[in-house]
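Residue numbers (the numbering used here): 44 to 165.
Cβ atoms here follow ideal geometry from the backbone N, Cα and C, with glycine treated the same way.
Predicted model only: the values in this text are computed from it and were never measured.
Please read the structure below before turning to the comments.
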């Protein structure tokens, strides 16, 4: 699973194996380890939420999909799900979860990407 964060924007690009974990375990996780033992953890989970949500809990960034929407998305050709969450102090947090396509500008293992859905837009 790939994570891209910019100011008030979170984007997760999930691979086939991530969707398999999401379907079987209800969640998929990633982690970045740092030299002195710290780690940054992030995940995508099916939850009892009305819309795509993000929260910080127990030292982990967790993006939650509504369970019904997530199940339908996993088994469709739909590439992504997006939602804007209003922030208490104003503004919004943009959330995007999408199926990962192979990169065309560099070598990478494409076996776990959604190359069959790629229409050349990546």
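- Per the Cβ contact rule, the segment 121-139 is not in contact with the segment 59-67 (fewer than 3 Cβ pairs under 8 Å).
- In the three-state reduction of the DSSP assignment, residue 125 falls in the strand class, which pools E and B.
- Per DSSP, the continuous alpha helix (DSSP H) segment holding residue 62 begins and ends at 59-68.
- DSSP, reduced to helix, strand and coil, places residue 115 within a helical segment of the structure shown.
- Residue 100 is bridged by DSSP to 103.
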